[in-house]
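Chains as they are written, first to last, in my numbering: chain B, 4 to 368; chain L, 4 to 368; chain G, 4 to 368; chain P, 4 to 368.
Note that beta-carbon positions come from the ideal geometry of N, C-alpha and C, so glycine has one too.
Below: the structure, in structure tokens.
Protein chains: 4
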Amino acid sequence: MGIKKAGVLGATGSVGQRFILLLAEHPDFEIHALGASSRSAGKAYEQAVTWKQTDLLPEVAKKITVSECKPEGAFAECDIVFSGLDADYAGEIEKDFVNAGLAVVSNAKNYRRSPDVPLVVPIVNPEHLSVIEKKISDAKTAGEKKPGFIICISNCSTAGLVAPLKPLVDAYGPIDLLTTTTLQAISGAGFSPGVSGIDVLDNIVPYISGEEEKMEWETKKILGNFNKEGSEFVPLSDDEMKVSAQCNRVAVSDGHTECISLRFANRPAPSVEQVKQTLRDYVCEATKLGCHSSPKQTIHVLEEADRPQPRLDRNRDAGYGVSVGRIREDPVLDFKMVVLSHNTIIGAAGSGILIAEILKAKNII
Amino acid sequence: MGIKKAGVLGATGSVGQRFILLLAEHPDFEIHALGASSRSAGKAYEQAVTWKQTDLLPEVAKKITVSECKPEGAFAECDIVFSGLDADYAGEIEKDFVNAGLAVVSNAKNYRRSPDVPLVVPIVNPEHLSVIEKKISDAKTAGEKKPGFIICISNCSTAGLVAPLKPLVDAYGPIDLLTTTTLQAISGAGFSPGVSGIDVLDNIVPYISGEEEKMEWETKKILGNFNKEGSEFVPLSDDEMKVSAQCNRVAVSDGHTECISLRFANRPAPSVEQVKQTLRDYVCEATKLGCHSSPKQTIHVLEEADRPQPRLDRNRDAGYGVSVGRIREDPVLDFKMVVLSHNTIIGAAGSGILIAEILKAKNII
Amino acid sequence: MGIKKAGVLGATGSVGQRFILLLAEHPDFEIHALGASSRSAGKAYEQAVTWKQTDLLPEVAKKITVSECKPEGAFAECDIVFSGLDADYAGEIEKDFVNAGLAVVSNAKNYRRSPDVPLVVPIVNPEHLSVIEKKISDAKTAGEKKPGFIICISNCSTAGLVAPLKPLVDAYGPIDLLTTTTLQAISGAGFSPGVSGIDVLDNIVPYISGEEEKMEWETKKILGNFNKEGSEFVPLSDDEMKVSAQCNRVAVSDGHTECISLRFANRPAPSVEQVKQTLRDYVCEATKLGCHSSPKQTIHVLEEADRPQPRLDRNRDAGYGVSVGRIREDPVLDFKMVVLSHNTIIGAAGSGILIAEILKAKNII
Amino acid sequence: MGIKKAGVLGATGSVGQRFILLLAEHPDFEIHALGASSRSAGKAYEQAVTWKQTDLLPEVAKKITVSECKPEGAFAECDIVFSGLDADYAGEIEKDFVNAGLAVVSNAKNYRRSPDVPLVVPIVNPEHLSVIEKKISDAKTAGEKKPGFIICISNCSTAGLVAPLKPLVDAYGPIDLLTTTTLQAISGAGFSPGVSGIDVLDNIVPYISGEEEKMEWETKKILGNFNKEGSEFVPLSDDEMKVSAQCNRVAVSDGHTECISLRFANRPAPSVEQVKQTLRDYVCEATKLGCHSSPKQTIHVLEEADRPQPRLDRNRDAGYGVSVGRIREDPVLDFKMVVLSHNTIIGAAGSGILIAEILKAKNII
């Protein structure tokens, strides 16, 4: 057990900086390797980074010498590697790390659709990690050394969406129709250059490249099934679930708001009060496992007419809890509601950390 | 014919100020009476008002002495009276004006549901004015003097919503399912106090009191039918059309963005290209009548992936045109698209002016 | 010693809510009385308040029954009473509390100019509390019971301004010319209604009623002197120090930015490096006394060209530290620099709490 | 006379787009050549540009084939060339154009400090164009062909600053001390990427690279003198005028607000009322010449306590007028006031157009 050695790929970027913040005072992990481009490699981290977080650059990270993103040297000794790499680089580098036998938790989109890669929102579907457990146990049985693996963090807007869906599906059966219109924060777009100021000042951009497709597809994998062998994922089919997303960028720093609407396949549908109670009662597995970052309350059901609001509610349970409000009947589908989640915590780096906590709790790392 | 005398009720308020701006250089109307609370009555308008428009207070309005909101004095001589009154006052005052034989176009919500009051978006359903024409002609037949009447402007978010629906229903038959999630500007809420700064800075408020009910109901009246006699309106039933609205307040000054999704009752549904062409081809009646403020292009179909945007597109055709973008198939209903309309022009005062232009063109006033 | 009983006047308002948040987990104080208008009195606090903080309403405050703002009942037992009252009510009520022998720390402006009332920024001039100590000791000598007293928190923008001035004056003698142009956050204006959204969206309001006069005057009291007896304050004269403030309201939630420029009376002026070092070395008395909320680093001297920035730097030392950047020579006066302070912490409620901590550390309460 | 042929360098950029908008319906000019990078050259303008203006791309520009930025082909026939080039390219290209005998009005900073290049704010110092007139007349005398020349548009924040200074200096003699703290809009920074959204959302950036130096220096050239021969400019010395600027980037789309303070060299200083009257009475030369874009009222003196505000006042006289408010005595210098100017009109492209109108009116082109 003890403290696990953690590496961060893409350490100078927006997601990498957040991994470092979350790791800096973490009881389970210590920062052991920081990887960035060859331009940064060799420098002390504090020299290499343009730090743009509201929390100060942690002392513990300042003097670490930045490495190149290769599965050697400091990274070779890591129990877990968090990847905040851009998709342009993640594909190649993460593959190298897995091939070198390393455990990678990635925020990049590259391997999310791979049939044997778990796409995990840690407060929703940690049971998908069983595919990794099986892979490790199969290798052991075969007398091979422990294999490397990759686990993908979902898209930020998907994380908020599926959080309330999971307990509802568990309680009332499949959701066959689902619509979501998002009002997404700008922090998710990073900061070099990120979203242009002129695009979000007195404005809305009703489009985020690739986002709608990601939400529509990822939801079906996260709420989906395994193959018979338990070695691959079988997303829900369009017949089982139709998902429609409309994504907007708005002038909010952190916190994705989603106006969702859903229909259950089974009749009669539950009552509004049943839906609320099911959400209130939901305790995610990470919380049951006692994971350090797991939310006390997984889903906060708000009763005030005008909540959740990003500025007021995004930091519930340090950003690991999801807020759901305005749960009411929908004239078109069954129910509509407003879901708020912290896009850089449960929607990105924070999910990565919580996944690693679960991996440790389950002795996978 | 000639120039019509216009009065404005609630002249010092947000909507009243916009009526005045639009009337000041209007070729069809002259400002003849300005009404406000007894606190303002007797003062020159420039003394009574806290002017908060980006255009300067028109010279022509500055010296007009503000009256009380009574159907006497200057108002008695008006051919048309525009009401920007708060709902708290509009009910009583507007009734008095109608009873005094005056023609009232109101932005208040009080009489929108009255069966014999037209609820008109002038680029959508000016044919609803026939109820007024019938009322006048009936009075004439009966040897009575010309009756007063009231016409209601729709809610701001309803106006944008129904604009593209009308030509689609005309072309492809009824829409039976409709969802809209709005991202609404703050100017619609007036400015004393209006929306609080702290509520829209780095924030979304996912609730606007009464707004969803208004949108769901008004849409069915505007797209609805007449009774046999042509004297009353018969809104669509829930069986004919289900509408679901989710309303959000966002940090935009002017321009309501709506992410809508719809299903036609008839199969097969038209193609995306047909939908676009129908919207492009639509010419509203006001434009055919040559009304001064009518849009050259009623509906602007935008092909860029990230449009319409409020800051860039809200002023098309001086705010009388509606922009529609991202028209595409919807996995849940038939089509989804983004609709942008100027909430204080086509969504409020501007619609009032254009209604009056139609009334004049049809010799109703 | 032990835990002191604290009361909060104006408990449902913006400043009152922040007092409650800061008191809820404070080791030195417990919330004993909450006062609000007669409309709220008698209700449980959670019923009476519209809570609008980003932190949740503390459990410890929820069930407290709100009292009227009278120096009786629960308030009579308080060791310290924090006032977040509006100026309209503060004058009368605070006087009653003092007359009843209570210790009041007030955020209202009413008594700031009273010659015997300390106007205290706790990281700047806690020595002004000696006037209270003298008052108490005089009463004791005279055999009278311990008198009530009031201490005023400075205006929010004054607090940030004087923080760097104090150590500079101590080190290099009087500052005779001082200009400040402020870019002030909206949270200071409260929220009912507070600053209107339309006023700060894509806009600046270059005026805050009464603010410039307050800054110009308060600075001279805070940096000023005592009379011979040590019983009253003698602000600096215009001959000793001229202060010019220009105040702007901007679209920032928390954190006042000030661009200041100053000239020392003595020649030669210190060097830029001396100024920086003096600010870095400054340790406020509250920190020396070990007060719970006192900043580890009173003044943070930032070297990055584009700092301090409100979003990134306002929370240094939980809002009790002040950030100063861009210290450089000024072509007109001696030096210019940018000062950032948290307007609701060191600029309001937080200062009140820290003043009370100092009072306790000095056995004044 | 007649209509002059105009070229635009950097035509796809932010400034270039505004030149095109202003030229499209201009009675004095027609767009004859559009220059951009070799990547764009050869394409129709509507294909080459990512249009991001609130007004639609003018029909007249859509089909123009974009050229490379060389003083040949279409550009060789231009009577006037407007340059919106980035400073990285402007130096070389503009020199080539001048050497080819072309008249260039540039928004780039490269030649602003050249002693023989006029730095012109057209509502302030068009008399500086005499240096060009002399150059042309000298060439004529020498029997040489008409020489090319360049005129520089000032920095956007300088333009607003000097507008009220000029009439005051003319009336009351030199200003020897001047401070300005700016709150600058983001449109000036262009849009690829321009100012990052995360930098201006709930934030201020108290720094704009190079801006303060530009303001401090340009002011002294614009208000400065000529050498004896009238062939070169002699900026004011530090002894004659000290200028101190502090520049901030804020969440405003268009419109720079400046809080300025100034002292006259002569005693006694004028009264506040005299200052106001002088500003009100100022009629710039362009207006006297009847130039198409010249403001009806050069300087708008606002009496409301809380004005000017960018959203409400930036469009006075189509952005060619400057608004000045809060004129009052300053405890440190003589007067303080708030100046608002439209940074992309009088502060950039608009000034270029108005300079060209003056050139035409004076038969320089």
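What does the alpha-carbon distance come out to for the pair residue i and residue j?
i	j	result
L12/L	C81/L	12 Å
S40/B	N102/B	20 Å
G355/B	L265/L	37 Å
L343/B	R319/B	10 Å
K279/L	Q312/L	18 Å
A51/L	S43/L	5 Å
S212/G	R252/G	11 Å
S199/L	G353/L	25 Å
E221/B	V123/B	10 Å
K46/B	T68/B	6 Å
N158/L	S190/L	13 Å
A268/P	H345/L	52 Å
A90/L	S109/L	10 Å
S256/G	S296/G	22 Å
E75/B	A36/B	10 Å
I139/L	V120/L	13 Å
Taking the alpha helix (DSSP H) that residue i belongs to, which residues open and close that run?
i	result
I154/G	Taken as a continuous stretch (DSSP letters only), I154/G belongs to no alpha helix (DSSP H), being part of the beta strand (DSSP E) at 152-156.
V134/G	133-144
S17/G	17-27
C159/B	159-175
R283/P	275-284
N102/P	90-102
I201/G	200-203
Taking Cβ-Cβ distances shorter than 8 Å, what residues in chain P pair up with residue i?
i	result
D82/G	Correct list: empty, because the minimum Cβ distance to chain P is about 37 Å.
A254/B	G200, L204
D309/G	V208, P209, Y210
Counting along the chain, where does the beta strand (DSSP E) carrying residue i start and finish?
i	result
R329/P	325-332
T182/P	178-187
M340/P	338-344
I34/B	32-39
Report, in whole angstroms, the separation of the C-beta atoms of residue i and residue j, which I expect to be a contact under 8 Å.
i	j	result
I330/P	M340/P	4 Å
L25/B	K365/B	Their Cβ separation, rounded to whole angstroms, is 20 Å, which puts L25/B and K365/B out of contact at 8 Å.
L305/B	V327/B	7 Å
Given that residue i touches chain G, what residues does it touch there, using C-beta distances under 7 Å?
i	result
K314/B	As written in the sequence, residue 314/B is Arg, which differs from the Lys given in the question. Neighbours of R314/B on chain G, chain order: T57.
For residue i, return the contacting residues in chain P, with the cut-off set at a CB-CB distance below 7 Å.
i	result
V304/G	Simply none; closest approach about 14 Å.
Strictly below 8 Å CB to CB, what residues from chain L border residue i?
i	result
I189/G	G200, I201, L204
C262/B	T184, P209, Q249, N251
Listing by chain order, which chain L residues have their CB less than 7 Å from the CB of residue i?
i	result
G197/G	S199, G200, I201
Which chain B residues are close to residue i, counting only those with a beta carbon under 9 Å from its beta carbon?
i	result
R329/L	P209, Y210, Q249
Could you tell me which chain B residues have their CB closer than 7 Å to the CB of residue i, listed as they occur along the chain?
i	result
N1/G	Lying before the first or after the last residue shown, residue 1/G is absent from chain G, which here runs from 4 to 368.
Under 8 Å: do the region 178-186 of chain L and the region 147-156 of chain L share three or more Cβ pairs, one atom per stretch? Result no; under three Cβ-Cβ pairs closer than 8 Å.
Pairs of beta-carbons, one from the region 151-171 of chain P and one from the region 162-169 of chain G, closer than 8 Å: are there three or more? Taking 8 Å as the limit for Cβ pairs, the verdict is that the region 162-169 of chain G does not touch the region 151-171 of chain P.
Indicate whether the contact test is met: 3 or more Cβ pairs, each with one atom in the region 320-333 of chain G and one in the region 238-251 of chain G, closer than 8 Å. No: fewer than three Cβ pairs fall under 8 Å.
State whether the region 225-240 of chain L contacts the region 19-27 of chain G, with contact taken as three or more CB pairs (one from each stretch) at a distance under 8 Å. Segments in contact, no.
With contact counted as at least three CB pairs below 8 Å, one residue from each stretch, are the region 168-178 of chain P and the region 282-301 of chain G in contact? No, the region 168-178 of chain P is not in contact with the region 282-301 of chain G.
On the three-pair Cβ rule with 8 Å, is the region 358-367 of chain B touching the region 25-36 of chain L? Put simply, the region 358-367 of chain B does not touch the region 25-36 of chain L. Fewer than three CB pairs are less than 8 Å apart.
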